[in-house]
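J.:
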Amino acid sequence: MIAVHGRGLLLVVLALSLLFFIAFPGSGFSADLRLTSDTILQSFKRDLPGEPDRKVAPVYEYLQVDYGKKEEAGLSFHGYGWMRINLGDDYFDDTTEAELLYAYLEYDTPTQEFLVRAGRFYVFEGVANEAVDGVYGRKHLPNNITLSAYAGQPAALANTNGRAGDYIVGGRVSHHHIGRYEFGVSYKTLANDGGNDEQFAGFDGYVYLPARISLQGTSVYNLKTDGWAEHFYELRVPMGPVEVRPFYQKYRYDDFFVDQGSSAFPFRFLAGTGNSLEVFGTEAYLYLDERFELAGRLKHYEYDRRDGSADYYSLISTWKIQILSQVGIELGRMDGDQDRHRFTLARGFFYWDARPWFVSGDAMLVDYDRQKFGKDQAWFASLGFGRGFLGERLKLKFSLDYSDDPYLDDNFRTTLVAHYRYGH
Amino acid sequence: MNAKKFFLFVLLGLFAGVLISCVAGNGYRPPKTHPPIYELGERRVYCVRCHGHENKEMVYERYNHTPFFTDNHRLVTYQDEAVCAMCHDQSFCNSCHATRVELKPSLRNQTETFRRTQHRGDYLSRHQIDGRIDPTSCFRCHGNPKASQTCRPCHG
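Sequence order for the protein chains is A and B.
Going by this note's numbering, the first residue of the first sequence is number 16, and it counts up by one from there.
Going by this note's numbering, the first residue of the second sequence is number 5, and it counts up by one from there.
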C-alpha cells in the first residue's frame, strides 16, 4: 500500500536512491538522477507551564528524488517527503515526524499527447486540490479538447479510521482556442470510510477580449447540498502603464465547507451557519520602469448573516536590482467592523544576491487595534546570509530571527539550512 | 439559472467550441522545462518580457508573476498545470498545498525574502482576524484532517 507514512518509508526512498547512485555511478542511471536535499536545523526556546526556557532543536530533512530525462518525455519517477528528529527535547513528540508527500511514476508520450501517473501525486485541476494514491491520466484530443481523469484513495484521509471505504474519483474536460479562450468543466466525488462525503462540479473559463482585456474565473457547485459553493471572477484591463483587475468572489458556507469526516474539524461547523461571504474589490499595478514595481489592492468583505463588513487595503512596492536582488515594502490595513478585527501591517525586506554570497533581511510590524494578552503590537525581524559552494550545488544558509508579539516575549530563533542539489 | 441548466449551457458551449476549432488545428504543448530564469538576466518573472503579446502559443500575460500572483494563481493553475510545471516541481506547490507539512512556508525558506510566502512573522495572532474575516482562504490549505493538525491544539 502506498499510503505508508512515517520516517521509515522516507528512509527507504533515500536509501534506495543512494544505493542506485552508488551501484551505477558511471551509467546512464546516475546521469538521469536528480536529488534535492534541504537539511534544516532550528534552535529556539519555549516556555511551557512550569518549565520556562526549554530548548527546542528540531532537524528537518526535505528530500526530493527525480529520475528520468528532465527535458524529454518518457518514463520518470518523482518522490518528495520530509522527516524530523528532535535534538533538543520532546516538544514535538505528539505530532507526525515524517510524511511522504508524493511518489509516483509518470509516463509522457514523446508528442506529449498523453500523460499518465501512478502512485501518490497531487491533482490541482478544476475542482480538485487533492493528494491521491492512485492513477491519473491526461489526454489531448484533436480539436483542442483535453480530457483528464483520476481515481484512487485520498491521501489526506489515511488517518481517519483507516482506508477501507475511502475513494476519490474525478476529472476535467476542457476546450481551448490558442490566444482566445479556454473553458473547462470538472467533477470530483470523495468518500471517507464508505460514506460519500463530497461531490463537486465546477466550471472554469478564460476569455481574451480585444484591447488585451481578459476575463477569467471559476464556479463550483456542491452536488450534495445542491447549491453554489463558490464563484470567483476577475477582469484584467490594461491601460497603458496601469493595469486594473476588478474581481468578485462569493462563497456560501453551507455549500463550500463540508460537515463530514473528510473535512477538518475547525471548518465543519461553518457548514451549518447558513452564512455567505461576498468579496469584491480591485487590484491595480503600475508599470513605469522594469526596476520599479507598485501594486495595490482593495478587498471589501460582506456577510449575509453577520453584522458588519470589512475592508483590506494593501500596497506593495519593490525596487528590483536583479531577478532576486530587491528591496521592498508592504503596507496593509484590515479595517473590520470591531476593534478586534482591525490591524495595520508594515513590512520591509531586502535580498542581495552577490553569488556565491547572499544577504537577506525582513522586518514586520503588526499593530492591533485591540490588545491580545496585554500587547497590541507584534514585531518580527530576520537577518540572513549564506554562500554557495561547488558551483552552487551546495548552499549553506543561516538566519537569526527575533519575535516579540502577543505569544512570544523577546524570542530568538536560529535556522541553519544546507541545500544540496545533485544532477540538476 | 439552476445548476443543471448552467452545466448544460457550458457543455453546449464546449461543443460549439469544438466545431469552431475543427478548422483551427490542435493545441500547443508547452515544453517540459523552461530555461532557468536567473540566467536570462531579467528582473521580473514576467513572461511577456520575452514572449510578448502575440499569444501564438498561449496567452503569456496570464502567467506574469505580479506581486499578488501568489494570491490568485489558482485561476491559471487549475486550468493548465503543465505551464507551471515547466519551472516548478510539485514540491514547490507542497510548500503550502500538502497533506501535511510542519514548517510554514516562510520558516521553511526564511532567507528567501523575495518570495511572497503566506503567514510571515507572527501569524498566530493575525490568523484569528483573517480566519473570522475569510475562513475560505484558510480552508484551501488546512481543510483536510491531516493538514489541519496544526489547528488541533487550540481548535480541537
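Ideal placement from N, C-alpha and C gives every residue a C-beta, glycine not left out.
1) Would P281 (chain A) count as contacting chain B if we go by Cβ distances under 8 Å?
2) State the Cα-Cα distance for the pair R61 (chain A) and R428 (chain A), rounded to the nearest angstrom.
3) For Y82 (chain A), collect the residues of the same chain with a Cβ closer than 7 Å to its Cβ; drop the 5 residues on either side in sequence, then sort them by chain order.
4) Using three-state DSSP, classify A151 (chain B) as helix, strand or coil.
5) Please look up how many angstroms separate the CB atoms of E245 (chain A) and S234 (chain A), rounded, as I've assumed it's under 8 Å.
6) From the DSSP output, read off the bridge partner residues of M98 (chain A).
7) Please state whether DSSP places Y366 (chain A) in a helix, a strand or coil.
8) Report all residues from its chain with a CB closer than 6 Å to the CB of D420 (chain A); omit the five preceding and five following residues, and keep chain order.
9) Tell me, please, whether the CB atom of G125 (chain B) is closer than 8 Å to any CB atom in chain A?
10) Out of B:V105, B:M62, B:F73, B:P40, point me to the one whose CA is closest to K85 (chain A)'s CA.
11) Anyone know if the C-beta pair for L400 (chain A) and F373 (chain A) falls short of 8 Å?
12) Should G160 (chain B) be flagged as near chain A, meaning a C-beta pair shorter than 8 Å?
13) How big is the Cα-Cα spacing for Q114 (chain B) and A396 (chain A)?
14) Would DSSP call N211 (chain A) helix, strand or coil?
15) Judging by CA-CA distance, which residue of A:P64, A:Y95, A:D270, A:L120 is the nearest neighbour of A10 (chain A)?
16) For D62 (chain A), verify whether its CB is less than 7 Å away from any heavy atom of the ligand NAD.
17) Looking only at C-alpha atoms, which of A:G287, A:G96, A:D274 sits nearest to A118 (chain A)?
18) Are D326 (chain A) and K314 (chain A) touching if we call contact CB-CB under 8 Å?
19) Taking C-beta to C-beta, are L346 (chain A) and L360 (chain A) nearer than 8 Å?
20) Out of B:Y50, B:D84, B:H38, B:S152, which one is the CA nearest neighbour of F73 (chain B)?
21) Would you mind reading off the limits of the beta strand (DSSP E) that contains L380 (chain A)?
22) Report the neighbours of N174 (chain A) on chain B: residues whose CB is nearer than 7 Å to its CB, in chain order.
23) How is I17 (chain A) classed by DSSP in three states: helix, strand or coil?
24) Quick check: is the beta carbon of P71 (chain B) nearer than 8 Å to any beta carbon in chain A?
25) Keeping to the same chain, check which residues put their C-beta closer than 7 Å to that of G194 (chain A); ignore five residues upstream and five downstream.
26) If you count every other CB in all the chains shown that lies within 10 Å of the CB of A226 (chain A), and 16 or more means buried, which is it?
27) Could you name the residues of the stretch 79–93 of chain A whose beta carbon sits closer than 9 Å to any beta carbon of chain B, in the order they occur along the chain?
28) Taking 8 Å as the cut-off, does the stretch 123–143 of chain B touch the stretch 98–113 of chain B (at least 3 CB pairs, one atom from each stretch)?
29) Need the endpoints of the alpha helix (DSSP H) that L128 (chain B) sits in, please.
30) Should H20 (chain A) go down as buried or exposed, given a rule of 16 or more other Cβ atoms within 10 Å for buried?
31) From which residue to which residue does the alpha helix (DSSP H) around A14 (chain A) run?
32) Let me check one thing: in DSSP terms, what residues is R428 (chain A) bridge-paired to?
33) Buried or exposed for M16 (chain A), please, with buried defined as at least 16 other CB atoms from any protein chain shown within 10 angstroms of its CB.
34) Determine the closest residue to S277 (chain A) out of A:F139, A:E140, A:P169, with distance taken between C-alpha atoms.
35) Chain A partners of P139 (chain B), CB-CB under 7 Å?
36) Please report how far the alpha carbon of R53 (chain B) lies from the alpha carbon of L303 (chain A), in whole angstroms.
T.: On the basis of the coordinates in this document:
1) Looking up residue 281 (chain A) in the first sequence gives position 266. Answer yes: the Cβ-Cβ gap between P281 (chain A) and chain B drops below 8 Å somewhere.
2) In the first sequence, the residue the question calls residue 61 (chain A) occupies position 46. In the first sequence, the residue the question calls residue 428 (chain A) occupies position 413. C-alpha separation (whole angstroms): 10 Å.
3) Against the first sequence, residue 82 (chain A) aligns to sequence position 67. These residues qualify, in order along the chain: D47, L48, S91, F92.
4) Numbered from 1 along the second sequence, position 147 holds the residue referred to as residue 151 (chain B). Three-state result, A151 (chain B): helix.
5) The residue you call residue 245 (chain A) lines up with position 230 of the first sequence. The residue you call residue 234 (chain A) lines up with position 219 of the first sequence. The pair is a contact, with the Cβ atoms about 7 Å apart (cut-off 8 Å).
6) Locating residue 98 (chain A) in the first sequence gives position 83, where the first residue counts as 1. Its beta-bridge partners are A:E76, A:A113.
7) The sequence position of residue 366 (chain A) within the first sequence is 351, counting from 1. Reduced to three states, the DSSP call for Y366 (chain A) is strand.
8) The count along the first sequence starts at 1 and reaches residue 420 (chain A) at position 405. Correct list, in chain order: A393.
9) By 1-based counting over the second sequence, the position of residue 125 (chain B) is 121. It does; some Cβ of chain A falls within 8 Å.
10) On the first sequence, residue 85 (chain A) is found 70 positions in, with the first residue counted as 1. Comparing Cα positions, the closest option is B:P40.
11) Looking up residue 400 (chain A) in the first sequence gives position 385. Looking up residue 373 (chain A) in the first sequence gives position 358. This sequence places Phe at residue 400 (chain A); Leu is not what is there. Yes, Cβ-Cβ distance for F400 (chain A) and F373 (chain A) is below 8 Å.
12) Taking the second sequence and counting its residues from 1, one reaches residue 160 (chain B) at position 156. So, interface residue.
13) Taking the first residue of the second sequence as position 1, residue 114 (chain B) is located at position 110. Taking the first residue of the first sequence as position 1, residue 396 (chain A) is located at position 381. Taking the straight line from one Cα to the other gives about 11 Å.
14) By 1-based counting over the first sequence, the position of residue 211 (chain A) is 196. Looking at N211 (chain A) - three-state DSSP - the assignment turns out to be strand.
15) What the structure shows of chain A is the stretch from 16 to 439, and residue 10 (chain A) is not part of that stretch, so it cannot be assessed.
16) By its list of ligands, the structure shown contains no ligand whatsoever, and the ligand NAD lies outside what it can speak to.
17) The residue given as residue 118 (chain A) occupies position 103 in the first sequence. Measuring from the Cα of A118 (chain A), the nearest candidate turns out to be A:G96.
18) Taking the first residue of the first sequence as 1, we reach residue 326 (chain A) at position 311. Taking the first residue of the first sequence as 1, we reach residue 314 (chain A) at position 299. Yes, the pair counts as a contact, with Cβ atoms nearer than the cut-off.
19) The sequence position of residue 346 (chain A) within the first sequence is 331, counting from 1. The sequence position of residue 360 (chain A) within the first sequence is 345, counting from 1. Yes, Cβ-Cβ distance for L346 (chain A) and L360 (chain A) is below 8 Å.
20) Locating residue 73 (chain B) in the second sequence gives position 69, counting from the first residue. The residue with the shortest Cα to Cα distance from F73 (chain B) is B:Y50.
21) For the purposes of this step, residue 380 (chain A) is identified with residue 365 of the first sequence, where counting begins at 1. Note, L380 (chain A): beta strand (DSSP E), 372–387.
22) Position 159 of the first sequence, counted from the first residue, corresponds to residue 174 (chain A). Near N174 (chain A) (Cβ distances below 7 Å), the residues of chain B are P149, K150.
23) For the purposes of this step, residue 17 (chain A) is taken as the residue at position 2 of the first sequence. With a pLDDT of only 37 at I17 (chain A), under 50, the local geometry of the prediction cannot be trusted, and the value read off the model is given with reservation. DSSP places I17 (chain A) in coil when its eight states are reduced to three.
24) Here residue 71 (chain B) refers to the residue found at position 67 of the second sequence. Yes - at least one Cβ of chain A is within 8 Å of the one on P71 (chain B).
25) Position 179 of the first sequence holds residue 194 (chain A). So the qualifying residues of the chain are Y223.
26) Residue numbering aside, residue 226 (chain A) sits at position 211 when the first sequence is read from its first letter. Answer is exposed; the Cβ neighbour count stays below 16.
27) Q79, D81, K84, K85, E86, E87, A88, H93
28) yes
29) Start at 1 with the first residue of the second sequence, and residue 128 (chain B) comes out as number 124. That run of the alpha helix (DSSP H) goes 127–137.
30) Stepping through the first sequence from its first residue, residue 20 (chain A) is reached at position 5. Interpretation of H20 (chain A) is limited by its pLDDT of 48, a score under 50 that renders its predicted location unreliable; the figure taken from the coordinates is listed afterwards. With 16 or more other Cβ atoms within 10 Å, it is buried.
31) Only positions 16 to 439 of chain A appear in this structure, which leaves residue 14 (chain A) out of reach.
32) Working through the first sequence from its first residue, we reach residue 428 (chain A) at position 413. Paired residue(s): A:F59, A:D416.
33) Here residue 16 (chain A) refers to the residue found at position 1 when the first sequence is read from its first residue. With a pLDDT of 35 at M16 (chain A), under the threshold of 50, the predicted position of this residue should be treated as unreliable, though the coordinate-derived value follows. When all chains shown are included, M16 (chain A) counts as exposed.
34) By one-based count along the first sequence, residue 277 (chain A) stands at place 262. Checking every option, the nearest Cα to that of S277 (chain A) belongs to A:P169.
35) Along the second sequence, one-based indexing puts residue 139 (chain B) at 135. By Cβ distance, chain A contributes F282, L285.
36) The residue given as residue 53 (chain B) occupies position 49 in the second sequence. The residue given as residue 303 (chain A) occupies position 288 in the first sequence. Straight-line Cα distance between these residues: approximately 14 Å.
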